[in-house]
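Colleague: The structure is given below, and queries will be raised subsequently.
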Amino acid sequence: MTTNREKQPSEARFRRLFDDTEAMSIQGYRADGTVVYWNNASEKIYGYTAEEALGDSLYNLIIPSEMCAEVKQAVAWMFEHQEGIPPARLNLQHKDGSTVPVYSSHTVVALEGDEPIMFCMDADMRALDLAEAEVQKLSYYDSLTELPNRRLLLERLASMMRNTNVDGSVAALLIIDLDDFHSINESLGYSSGDRVLMHCAKTLKRFCLGPDNLARLGKDEFVMLLPCNTSSHKTVAAEAELLAAQILKELESSLTLDNRDHQLNACVGITIFAHPAQTPGDELLRQADIALKAAKRSNTSTISFYDQDMESEIIERMELARALNYALAYKEMSIALQPQVDKGQKIIGFEALLRWQHPKFGTVPPNSFIPIAEATGSIIDIGTWVIEQACEILATWKTQKSRAHLKVSVNVSPVQFRMGYFADDVQKILKQTGADPKNLRLELTENIFTDDVGFTVEQMNSLRELGVSISLDDFGTGYASLAYLTQLPLDELKIDRTFVRDLGNNKQGELLTKTIINLGRSMNLEVIAEGVETAEQFKHLQNMGCENFQGYLFGKPKTDYSFYFK
C-alpha cells in the first residue's frame, strides 16, 4: 500500500514533468471551465502566463465565441460520464486573437475525496501546417519562378473540363519556348540561365489573366491558358495569335547579362479547345507542343496553331527518324554525282548528293530527311559515311589519268561541322581511303557562322592544313556578312540557285549575283553558279564573269556516274 509520504515525491516528479514539457500544452479545468492547471507549453502556444490563466475561464481564454456552446456541451458530457471525448483537430484562439490549430485530447481525473478535473492535452499543429504548406508548394509550384507547375496546370484544365456552369466556351492553350536556351547555360553559366527564366516568368505574368493560368513546364518552356467568354473558335484564335505576338515582342527585347546585351528569341505553339469536354489536359499540352515544333521548324513564322495535318506530319517525321537509324545498316543510302563544268562545259568535278530509297516510303527527298537527321543527331554518322564514299571515289580516280584531276564536293551539316573532332575524322578518312586531299571540297552553309566565329575559322584552317578546299554554299541567302567573309579561309563561293532562276526577271537579284562574282574574283576565290537549267542563264552568267557552273543543263545527279565518262 502506498503511503502519503511515498506519494508526495511521485506527484512532484509528475508535476515537474508536466510543467517542463515543451511538446504538449496541458491544462486542467473544473466543471465550470475554471483553469486550475496551466503548464509552460500552454503559455507558448496560447500566449497566457500561468498567472494570467489560473482562475480564469476556459471560455474566456482559448475558445472562440462561435465554439463556446458546443464546447460547454462537450465539457458537461465529460464530467457527467467522467471520461474524455475522442481526440480531434481544433482551431482554438491565441491571446492576440489569432487562430491556433491543435490536436486536442481530453481526460477526466476523479480522485476519491477530491473534485474531478478535466485535463486537455494539446499538440501545436502550426509547424506541421507550415510543413504541409511547403510540401503543397513544392508539389504544385516551380521552385525557381514560383509559377504553377505542370501538375497544378493539369488540375486547372481538369476543373475547366468539368465545369458545367459554362456551356460551349472556347479557350486557348499556348506553349512558349525559348530558342537556344542551352547555349546561355553553357556559355554564361546556370545562374545567368536562371535570370533569363525569371525574366521570362515576370514578363509572362504581365499578360496572364489569372494566377493559375500560367505555368512553367520545365527547362525553358512555359504554358499559358487563355480562357475566353465566347463559343467562336475564330475569335479565340485571333485573340490567341495577338497575345502570342505581344508576348514574343516583349520577350525578344534586349536583356543584359554579364554587362552584355542578349537577344532572346522564342516560338509559340497554340491549340484551341472547347469546354466542358472530355479532353484530358495532357492531350491539350501534346497538341500545343506539336504546334510549337511546327513553329520551330518554320522559316516564316514563330507562331503556329495545332491541326490534324500537323499531327500526321509529326507521325511521319517520327517514322522517318526511326527509319534513318537503320538506313546505313540496311544499305538504303547511295551517292549521286552531279557534274560541275567550266565555261567550255568541260567537267571539272562533281557534287556528291545523298539519296535515300526506303522500302516503305520510296524515294525520300533530302529536304525531307536531312532536317530530321540533324534534329536527331543521326546526321553525324550519315555525314561521315558520305565523306567516306566521296573519298573512296577519289581514291579510285586517283589511279586514272583522265579523272585524277576531278574534285568531289560534299555538303557538310552544321551539326556535323560543330563537332570538335570533325577535322580529325576527315583526316582519318583521307588516310584510310588514300584519297588526294586537294580533290576533296567541303561545302559549308552560311548558318555555320551564327555560332562562335573563332571556332569556325579554327576548324576551317585545320581542314585546309590537310589539303582540303572549302566552298561557301548558297552564298547571299544566309547570315554571312562581308566582315565574316574576310576572316574565312575559303576557296570558293557558290551562287544559290534562287539568284540564277531570277536572272533577267529580278534586277535586284541580278545585281547581287554580279556583286558575288566580282567579290569572289577580287578575293581570288573561285565562283560557281548552281541551278543552271537553260542556255540563256548559262550565257548570262558567262557575260557576268562567272567561270564555273552546275545544273540540269549540264547533267542531272546520277548514282551511275560512269555515264559522264562515256
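Each step along the sequence shown adds one to the number in this note's numbering, with nothing skipped, and position 537 is 537. We put the beta carbon where it would ideally sit given N, CA and C, even for glycine. All figures in this text were calculated on a predicted structure; none of them were measured in a lab.
Could you round the C-beta distance between residue 173 and residue 223 to whole angstroms and report it? I think they count as a contact, below 8 Å.
Modeller: Sure, about 7 Å apart at Cβ, within 8 Å.
Colleague: If distances are taken between C-alpha atoms only, which option among 81, 58, 118 and 550 comes closest to residue 338?
Modeller: Ranking 81, 58, 118 and 550 by Cα distance to residue 338 puts 550 first.
Colleague: Using a 10 Å radius around the Cβ and a threshold of 16 neighbouring Cβ atoms, would you call residue 38 buried or exposed?
Modeller: The residue is buried, with at least 16 neighbouring Cβ atoms inside 10 Å.
Colleague: Which two residues bound the contiguous beta strand (DSSP E) that contains residue 339?
Modeller: Where residue 339 is concerned, the enclosing beta strand (DSSP E) stretches over 333 to 342.
Colleague: Residue 268 and residue 303 - do their beta-carbons sit closer together than 8 Å?
Modeller: In contact: residue 303 and residue 268 (Cβ atoms closer than 8 Å).
Colleague: How many Å lie between residue 49 and residue 175 at the Cα?
Modeller: Cα-Cα distance, rounded: 57 Å.
Colleague: What residues are listed by DSSP as bridge partners for residue 358?
Modeller: Bridge partners of residue 358: 362.
Colleague: In three-state DSSP terms, what is residue 413?
Modeller: Note: residue 413 maps to coil in three-state DSSP.
Colleague: Report the three-state DSSP secondary structure of residue 351 (helix, strand or coil).
Modeller: Here residue 351 sits in strand by DSSP.
Colleague: Quick test of the definition: if touching needs 3 or more C-beta pairs under 8 Å, does the region 199 to 211 touch the region 291 to 301?
Modeller: As far as the Cβ criterion goes, the region 199 to 211 does not touch the region 291 to 301, which means the pair count is below three.
Colleague: Would you be able to state if there are at least three C-beta pairs under 8 Å between the region 364 to 379 and the region 417 to 428?
Modeller: No, because fewer than three Cβ pairs between the region 417 to 428 and the region 364 to 379 fall closer than 8 Å, the two stretches do not touch.
Colleague: What residues match up with residue 492 in a beta bridge as DSSP calls it?
Modeller: Its beta-bridge partners are 471 and 526.
Colleague: Would residue 213 be called buried (16 or more neighbouring beta carbons within 10 Å of its own) or exposed?
Modeller: It counts as buried.
Colleague: Is it buried or exposed, residue 193, if we count other Cβ atoms within 10 angstroms and call 16 or more buried?
Modeller: Its Cβ being crowded by 16 or more others within 10 Å, residue 193 is buried.
Colleague: Can you look up residue 32 in the DSSP assignment and give me helix, strand or coil?
Modeller: Three-state result, residue 32: coil.
Colleague: Do the CB positions of residue 59 and residue 33 come within less than 8 Å of each other?
Modeller: Cβ distance < 8 Å, so residue 59 and residue 33 count as in contact.
Colleague: Which of helix, strand or coil does DSSP assign to residue 266?
Modeller: Note: residue 266 maps to strand in three-state DSSP.
Colleague: With DSSP collapsed to three states, give me the class of residue 39.
Modeller: Coil, per DSSP.
Colleague: Run through DSSP, which three-state label would residue 79 get?
Modeller: DSSP places residue 79 in helix when its eight states are reduced to three.
Colleague: What is the DSSP secondary structure of residue 93, reduced to helix, strand or coil?
Modeller: Reduced to three states, the DSSP call for residue 93 is strand.
Colleague: Considering just the uninterrupted stretch of the beta strand (DSSP E) at residue 218, what are its terminal residues?
Modeller: Per DSSP, residue 218 belongs to the beta strand (DSSP E) from 214 to 218.
Colleague: Can you grab the Cα-Cα spacing for the pair residue 254 / residue 191, in whole Å?
Modeller: Cα-Cα distance, rounded: 18 Å.
Colleague: Which residues bound the beta strand (DSSP E) around residue 171?
Modeller: Segment 169 to 178, the beta strand (DSSP E) holding residue 171.
Colleague: Out of curiosity, what's the CA-to-CA distance linking residue 511 and residue 518?
Modeller: For residue 511 and residue 518, the distance between alpha carbons rounds to 11 Å.
Colleague: For residue 123, does the three-state DSSP call read helix, strand or coil?
Modeller: In the structure shown, residue 123 sits in a strand (DSSP, three-state: E or B).
Colleague: Quick check on residue 560: buried or exposed, where buried means 16 or more other Cβ atoms within 10 Å of its Cβ?
Modeller: Exposed, because fewer than 16 other Cβ atoms sit within 10 Å of the Cβ of residue 560.
Colleague: If I measure Cβ to Cβ from residue 347 and keep anything under 6 Å in the same chain, skipping five residues before and after, which residues do I get?
Modeller: Cβ neighbours of residue 347 beyond the five flanking positions: 339 and 341.
Colleague: Within 10 angstroms of the Cβ of residue 287, are there 16 or more other Cβ atoms? Answer buried if so, exposed if not.
Modeller: The residue in question, residue 287, is buried, as its Cβ has 16 or more Cβ neighbours within 10 Å.
Colleague: Here's the rule I'm using: 16 or more other beta-carbon atoms within 10 Å means buried, otherwise exposed. How should residue 3 be labelled?
Modeller: Summary for residue 3: the model assigns pLDDT 46, below 50, so the residue's position carries little reliability; its value from the coordinates is reported in the next sentence. Exposed.
Colleague: Please work out which residues of its chain come closer than 7 Å, Cβ to Cβ, to residue 387, disregarding the five sequence neighbours upstream and downstream, and give them in chain order.
Modeller: Around residue 387: 410, 426 and 429.
Colleague: Classify residue 351 as buried or exposed, calling it buried when 16 or more other Cβ atoms lie within 10 Å of its own Cβ.
Modeller: Residue 351 comes out buried.
Colleague: Just verifying my parser: in three-state terms, what is the DSSP assignment at residue 141?
Modeller: Reduced to three states, the DSSP call for residue 141 is strand.
Colleague: When you compare the CB positions of residue 412 and residue 440, do they come within less than 8 Å of one another, or not?
Modeller: Not closer than 8 Å, so no.
Colleague: Look up residue 27 in the DSSP assignment and give the residues it is bridged to.
Modeller: Per DSSP, 38 and 120.
Colleague: In chain order, what residues of the same chain lie with their CB nearer than 8 Å to the CB of residue 279, ignoring the 5 residues before and after it?
Modeller: Within the same chain, residue 279 has close Cβ partners 161 and 273.
Colleague: Would you check if the distance between the CB atom of residue 492 and the CB atom of residue 525 is smaller than 8 Å?
Modeller: Contact flag set, yes.
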